[in-house]
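For reference, the structure is listed below as structure tokens.
In this note's numbering, the protein residues as written are 3 to 117.
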């Protein structure tokens, strides 16, 4: 499947993909990482997170892990997720799309050029 068919991504989906780009995480860890990375500007609610995760699993953007990557974690309710290869391609395509959009905004003076 062509990653461009899913673009533009909903903001919550892109934040989740970014959160999973460097390591596998469980849902609450995704929520915490997004909030920390955005200095609290983005707070994913549980409803938004888990409805997005369900859709992302169906689209093949992420995978649910069979076993916990944290052996010390014995909480069986915790589900861990991993970015799939296709999910990485979609995230890269969305980042490129947003980068192009930002370049257009800079060209029109909406965003100051940083030196």
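Note that the Cβ used here is the ideal one computed from N, Cα and C, for glycine as well.
Inset, instruction - For residue 5, I'd like the list of residues in its chain whose CB is within less than 6 Å of its CB, leaving aside the five on either flank, ordered along the chain. - result: 91, 92, 95
Legend entry - residue 69 versus 61, 22, 84, residue with shortest Cα-Cα distance: 84
Inset, instruction - Out of 44, 63, 33, state which residue places its alpha-carbon closest to the alpha-carbon of residue 7. - result: Ranking the options by Cα distance to residue 7, first place goes to 63.
Legend entry - First through last residue of the alpha helix (DSSP H) which encompasses residue 108: Run containing residue 108: 87-109, per the alpha helix (DSSP H) assignment.
Inset, instruction - Please state whether DSSP places residue 56 in a helix, a strand or coil. - result: helix
Legend entry - Beta carbon of residue 28 nearer than 8 Å to that of residue 46: no
Inset, instruction - Measure the CB-CB distance between residue 19 and residue 89 and report whether it falls below 8 Å. - result: yes
Legend entry - Span of the beta strand (DSSP E), counted from its first residue to its last, around residue 35: Here residue 35 belongs to no beta strand (DSSP E); instead the alpha helix (DSSP H) covers 29-39.
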